[in-house]
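Everything below concerns the one structure shown next.
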Amino acid sequence: AVLNDLAVRAGLKYFGAALGEGAFQSDSTYASLLRDTAEFGQVVPENGMKWESTERTQGVFTYGSGDVSAKQAQQSGQVLRCHALVWHSQLPNWVSGGTWTVETLTAVMESHISNVMGHYKGQCYAWDVVNEAVGDDGNWRSTVFLDTFNGTGYLPVAFNLARAADPSAKLYYNDYNLEYNGDKTDRAVELVKLVQAAGAPIDGVGFQGHLLVAGTPSRSNLAAALQRFTALGVEVAFTELDIRHTSLPAPASAYATQGDDYANVVGACLDTPNCVGVTVWGVTDKYSWIPGTFEGQGDALLYDANFTRKAAWTSVSSVLAAS
Ligand code: G3I
């Protein structure tokens with residue numbers, strides 16, 4: 018059996034991957050691997066459901082790219098995670114550079130959330146409703162949303178709008194570097210509490226899991242970070258896992274370490290009741306966002322550029338099989 022089969026046998030809902038819209042349409046080896054439900058029981062669009070893809074011009078909604086993932090999930094019976102609604106990045110200029118009041122920006126959020134979630138209504142297991150609202154220093158990230166509302170009032174607004182648009186989707190807060198259990202994690206805990214205190218719905222927290230070889234926390238420390246959130250009554254998941262080499266080419270020993278790091282992450286999810294699944298942010302080292310953002314870094318996924326399973330693949334399959 019392979020990764021999703023093993024994950025489901027171990028009690029998770031899924032083991033999944035991000036669908037890169039370009040590669041999926043141009044590379045048949047990539048597409049067949051992503052369609053293999055024994056390996057990947059869940060997909061999420063890498064870019065297709067983001068604001069700049071779905072509402073590049075105010076009031077004009079385009080779903081061609083997002084539909085690629087939705088159709089794939091439907092055809093193969095894969096779980097669909099949907100990503101992302103309220104986010105400062107890949108946000109068109111008409112939103113980020115607009116002059117808004119709380120009232121007019123709320124109307125913009127309402128229109129975006131109701132249209133996009135409405136289009137995919139009933140199809141998304143979970144939606145990343147708010148993405149990356151906390152900065153790496155642990156302060157609230159300054160965005161058009163935070164600045165217009167003069168604080169965090171936009172957070173419960175976003176979750177309330179999302180519940181109204183599709184009551185069947187789990188509503189997630191999603192962020193990176195929560196894995197280190199530092200100031201940023203503290204702030205994300207505060208975020209969940211403040212949304213709950215406002216009487217708004219929040220069902221899950223996504224740990225993106227963009228991690229570093231030899232810099233990934235231990236299995237028990239990762240589990241401790243996850244369990245700060247499940248203690249608040251929300252589920253958790255690793256939503257964008259990749260573990261990159263910070264210098265390439267890397268020696269074989271670093272690929273073994275990468276495998277240990279992957280096992281720690283998947284193991285932490287297995288150790289946490291209400292950790293529902295693990296999603297890798299890509300399938301093969303042939304295609305990844307990392308080299309474009311961190312020059313000279315990468316090789317962060319489970320398959321190499323020739324679609325050969327890496328040591329990390331073997332580690333993940335072993336930790337799942339042992340559970
Ligand atoms: O679609 C255009 C294409 O028309 C153009 O020819 C090409 C030239 O550069 O750019 C294409 O857009 C790129 C897009 O990916 C699709 O490939 C953007 O420039 C590029 O910025 C964009 O990068 C994405 C990035 O989010 C943007 O923030 C990555 O693919 C995607 O993996 C990455 O994913 C994020 C998650 O959504 C949130 N968490 C962090 C994660 C990694 O940054």
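For the sequence shown, the residue numbers in full-length UniProt numbering are 18 to 340. Every residue, glycine too, gets a C-beta built ideally from N, C-alpha and C.
With respect to 7 Å, is the separation between the Cβ of Asn132 and the closest non-hydrogen atom of ligand 1 below this value?
no
Tell me, to the nearest whole angstrom, how far the beta carbon of Leu195 is from that of Lys187; I am working on the premise that it is less than 8 Å.
About 17 Å; that fails the 8 Å criterion.
Any heavy atom of ligand 1 closer than 7 Å to the CB of Glu72?
no
Buried or exposed for Glu149, going by 16 or more other Cβ atoms inside 10 Å?
buried
Applying the 10 Å Cβ sphere with the 16-neighbour rule, what's the burial state of Val119?
exposed
Does the separation of the CB atoms of Thr247 and Thr296 fall below 8 Å?
no
Can you confirm whether the segment 296-311 touches the segment 45-59 when touching is taken to mean that 3 or more C-beta pairs between the two stretches lie within less than 8 Å?
yes
Asn177, buried or exposed, once every other Cβ within 10 Å from all chains shown has been counted against 16:
buried
Just to confirm my understanding: we take Leu318, look at its own chain, exclude 5 residues before and 5 after, and list those with CB closer than 7 Å. What are they?
Asp259, Val297, Gly299, Val300, Thr301, Asp302 and Ser305
Limits of the alpha helix (DSSP H) - the one that Cys286 falls within:
Ala269 to Leu287
Close Cβ partners of Ala40 (< 6 Å) along its chain, the five nearest in sequence each way excluded
Tyr47 and Tyr304
For Tyr272, verify whether its CB is less than 7 Å away from any heavy atom of ligand 1.
no
Sorry if obvious, but does the Cβ on Gly39 come closer than 7 Å to a heavy atom of ligand 1?
yes
Could you give the distance in angstroms between the alpha-carbon of Ser264 and the alpha-carbon of Asn132?
43 Å
Asn110 and Asp145 closer than 8 Å at C-beta
no
Please identify the residue among Asn281, Leu50 and Ser340 whose C-alpha is closest to the C-alpha of residue 5.
The requested residue 5 is not part of the displayed model; the chain covers only 18 to 340.
Could you please give me the residues that DSSP links to Gln89 through a beta bridge?
BP columns for Gln89 are empty, so no partner.
Residue from Asp44, Gly199 and Asp164 whose Cα sits closest to the Cα of Ala322
Asp44
Thinking just about the alpha-carbon of each residue, which of Cys292, Glu312, Pro308 and Ser270 is nearest to the one in Ala329?
Ser270
Who are the near neighbours of Gly221 in its chain, counting only those whose CB is closer than 8 Å to its CB and skipping five residues on each side?
Ala143, Lys187, Leu188, Tyr189, Tyr190, Val251, Glu252, Val253, Ala254 and Val293
If I measure Cβ to Cβ from Gln140 and keep anything under 6 Å in the same chain, skipping five residues before and after, which residues do I get?
Ala87 and Leu97
Can you check whether the CB of Val103 is closer than 8 Å to the CB of Met126?
yes
What is the DSSP secondary structure of Val19, counted as helix, strand or coil?
coil
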